[in-house]
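Chains as they are written, first to last, in our numbering: chain C, 340 to 549; chain U, 12 to 37.
For every residue, glycine included, the Cβ atom is placed at its ideal position computed from N, Cα and C.
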């Protein structure tokens, strides 16, 4: 996947700890089963001066498929699984310090499609209105895509990728300094309840966020 | 992985930690 461009440091639009709390309050208490939430932060590319959306933070709750696929054969090929595990081992070493201790057993467990989709998201970015997150920010309106067929037909590589990895619902809500994306392996139709929660939890300005 | 910017390390560390919990409780 493409690597996100170097971003200007910019103002601290959010505090990761409070953002995590907001993610959890939103997803853990929701009537629907959301798999993850991601905040795409609006930043400026230092080289070109163009604005783009890059990884801000995310919360991966998981889904039933995680449990099933770790017990049964994975949908991914053996070679694909091996590559995912290799990347996970390297990331684990990066975080815990290479060679400091033997790798945890969990690193050798199957990396499910939705876990992989979430991990890959950390490397992605969207310039000026591109992709579902970029379009939502540009248009200033929420994009709600429910259904694997609709994701597959969306004019956005990320949406199509989401469908390939088993997601059925993707929602992008523009916020002041970025976009909140929600994803689910369940089919979730528009919910005024979740939108109301998003508004109450994330209706901040840059001063409140920093 | 070497190119993972510092800002994403916290997200990654949190994901790996939560994954460990999910795997052990499965």
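Check: Contacts of residue 431 of chain C in chain B (Cβ-Cβ under 7 Å); Outcome: Looking at the structure shown, chain B is missing, and the protein chains on hand are C and U.
Check: Exposure of residue 524 of chain C, with buried meaning 16 or more beta-carbon neighbours within 10 Å; Outcome: buried
Check: 7 Å Cβ cutoff met for residue 371 of chain C and residue 527 of chain C; Outcome: yes
Check: For residue 488 of chain C, three-class secondary structure by DSSP; Outcome: helix
Check: Three-state class that DSSP yields for residue 521 of chain C in the structure shown; Outcome: strand
Check: Cross-strand partners of residue 378 of chain C (DSSP beta bridge); Outcome: C:396 and C:519
Check: Contacts of residue 461 of chain C in chain U (Cβ-Cβ under 8 Å); Outcome: 15, 19, 22 and 23
Check: Minimum Cβ-Cβ distance from residue 384 of chain C to chain U less than 7 Å; Outcome: no
Check: Residue from C:375, C:424, C:358 and C:427 with nearest C-alpha to residue 395 of chain C; Outcome: C:358
Check: Span of the beta strand (DSSP E) around residue 464 of chain C; Outcome: 464-466
Check: Meets three-Cβ-pair contact criterion under 8 Å: the segment 453-473 of chain C and the segment 486-503 of chain C; Outcome: yes
Check: Rounded separation between residue 542 of chain C and residue 417 of chain C - CA only; Outcome: 44 Å
Check: Residues near residue 348 of chain C in its chain [Cβ-Cβ closer than 6 Å; skip 5 each side]; Outcome: Its pLDDT being 43, under 50, residue 348 of chain C is placed unreliably by the model, and nothing is read from it.
Check: Supposed contact pair residue 399 of chain C and residue 20 of chain U - C-beta distance, whole angstroms, cut 8 Å; Outcome: Not really, about 16 Å apart at Cβ, beyond 8 Å.
Check: Beta-carbon proximity check, residue 381 of chain C vs residue 516 of chain C, cutoff 7 Å; Outcome: yes
Check: Per-residue burial, residue 479 of chain C [other beta carbons within 10 Å of its own, 16 or more giving buried]; Outcome: exposed
Check: Residue 24 of chain U to residue 378 of chain C span [Cα, whole Å]; Outcome: 17 Å
Check: Where residue 581 of chain C sits in the DSSP three-state scheme; Outcome: Outside the displayed range of chain C (340 to 549) lies residue 581 of chain C, so it cannot be described from this structure.
Check: DSSP state of residue 535 of chain C mapped onto helix, strand, coil; Outcome: helix
Check: Nearest-angstrom beta carbon gap, residue 450 of chain C and residue 427 of chain C [assumed within contact, 8 Å]; Outcome: 6 Å
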